[in-house]
């Protein structure tokens, strides 16, 4: 399945979370914006993230650090092709455990495209992999 929860009602989101098994999700777009408040927390609560074995495409928009770490730590063994993160907390610095998880994901041989919007001072704390296979990278400030 390719799931895009942009502007999705809570009722529809809850319905989908009851009928779709995480192992069948290949693409996932989650949003925690004004139209979908609490969506990412609800996803973490309702889905077994460690069962997202086939996930190749992940987009997380307006995510806070606790939710970011909660999702990414379960994806260490996944082989993502695409990762997009728009970090909500622009004036805080990521904690060390979140940075380490992100560094591990960025080193994946399968990762081809990365889009990060985390403010420039966040990038100073990330140790970028020496050799990687990323073909397209966008860093927003």
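Residue numbers (my numbering): 357 to 497.
Here a beta-carbon is modelled for each residue, glycine too, at the ideal position from N, C-alpha and C.
Spatial neighbours of residue 362 within its chain, please: CB distance less than 7 Å, with the 5 preceding and 5 following residues excluded, ordered by chain position.
Walking along the chain shown from the start, residue 362 turns up at place 6. Closer than 7 Å at Cβ, skipping near neighbours: 385, 387.
Restricting to Cα atoms, I'd like to know which of 424, 391, 490 is closest to residue 451.
Indexing the chain shown from 1 puts residue 451 at position 95. Closest by alpha carbon: 424.
Which residues in the same chain have their Cβ closer than 7 Å to the Cβ of residue 482, if we skip the five residues on either side of it in sequence?
By 1-based counting over the chain shown, the position of residue 482 is 126. Excluding sequence neighbours, residue 482 sits near 455, 458, 459.
Output the boundary residues of the beta strand (DSSP E) element that contains residue 387.
Locating residue 387 in the chain shown gives position 31, counting from the first residue. Counting along the chain, the beta strand (DSSP E) containing residue 387 begins and ends at 383-387.
Just to check my reading of the structure: residue 449 and residue 411 have Cβ atoms closer than 8 Å, yes? What is that Cβ distance to the nearest angstrom?
On the chain shown, position 93 is the one that residue 449 refers to. On the chain shown, position 55 is the one that residue 411 refers to. Not a contact, Cβ separation roughly 27 Å.
Per DSSP, residue 482 forms a beta bridge with which residues?
What you label residue 482 is simply residue 126 of the chain shown in a count that begins at 1. According to DSSP, residue 482 bridges with nothing at all.
Residues in its own chain within less than 6 Å of residue 396 by CB, not counting five upstream and five downstream?
What you label residue 396 is simply residue 40 of the chain shown in a count that begins at 1. If we look at residue 396 and ignore the five residues flanking it on each side, its Cβ neighbours are 386, 388, 419, 423.
Any idea if residue 393 is buried or exposed, counting beta-carbon neighbours within 10 angstroms, 16 or more meaning buried?
In the chain shown, residue 393 corresponds to position 37, counting from 1. Residue 393 is exposed by the Cβ-count criterion.
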